[in-house]
Amino acid sequence: MDKKPSKGEYLDILLRSPKTIFSVKDVALLWAEEREQKVSSRLNKYAKAGKLFRLRRGFYAKDKDYDRFELATRIYTPSYVSFETVLTRSGINFQKYDSIFVASYVTREIDVEGQKISFIRMKDYVLSNISGIDHEKGIAMATKERAFLDRIYISKDYHFDNLNDLDWNKVFEILPIYHNKKMEKRVNNYFKYYKNSNV
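For the sequence shown, this note's numbering gives the first residue as 1246, with consecutive numbering after it.
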């Protein structure tokens, strides 16, 4: 947007956006406003009036029906949904977790509106590699193969409930991004276990 919106257009611009989550920086760009303090002040007014929903400092949603994965991947960037969140959704693990697990450059656990989000630190060269990461509706999410490898990378000894649903060709295709010989050995052990249990 080249020019600043007129008075009644500020909120309309946000409501028309396909995003459900906005940071102050996002809105500053949408509104062509250089002063983030001015943007923050206007967003706070909208939140107090019930026209937007304030999630945490610097983050707002159109309403309470926002996408929690979108929020989880916007707080610390770059980041992507991975680990148990993906493993459980894809049937590799059976235990359900209330937290959303996110690969990030920090290790931290936060709570936003009753939703726990666990950020797990990954090395920069792993975090920035997009192999096995799907991007849909503004959300970066690991494939089940990438989530499987992420978990092995972080945890030396981990039990997976169902290795049958993994595409092992994809696993071995993504594996080199970790630059870790010990991890390669562990992945090969999981693969042997998978092959032996399917004889």
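Backbone N, C-alpha and C define an ideal beta-carbon position, used for all residues, glycine too.
- Within the same chain, 1276, 1287 come within 7 Å of residue 1255 by CB-CB distance, once the 5 residues on both sides are set aside.
- In the assembly as shown, residue 1327 is a buried residue. Its beta-carbon has 16 or more other beta-carbons within 10 Å.
- Within the same chain, Cβ atoms closer than 8 Å to the Cβ of residue 1289 are found at 1299, the five residues on either side in sequence being excluded.
- Buried is the label assigned to residue 1398, since at least 16 other Cβ atoms lie within 10 Å of its Cβ.
- Non-local beta-carbon contacts of residue 1321 in its own chain, meaning distances under 7 Å to residues more than five positions away in sequence, involve 1349, 1350, 1351, 1364 in chain order.
- Secondary structure note for residue 1300: its beta strand (DSSP E) is the uninterrupted segment 1298-1301.
- Collapsing the DSSP output to three states places residue 1417 in a helix.
- Per DSSP, residue 1317 lies in no beta strand (DSSP E) segment; the continuous alpha helix (DSSP H) that holds it begins and ends at 1313-1320.
- A residue is called buried once 16 or more other Cβ atoms fall within 10 Å of its Cβ, and residue 1395 is buried on that count.
- In this structure, the CA atom of residue 1393 is about 7 Å from the CA atom of residue 1332.
- Rounded to the nearest whole angstrom, the C-alpha separation of residue 1356 and residue 1362 is 6 Å.
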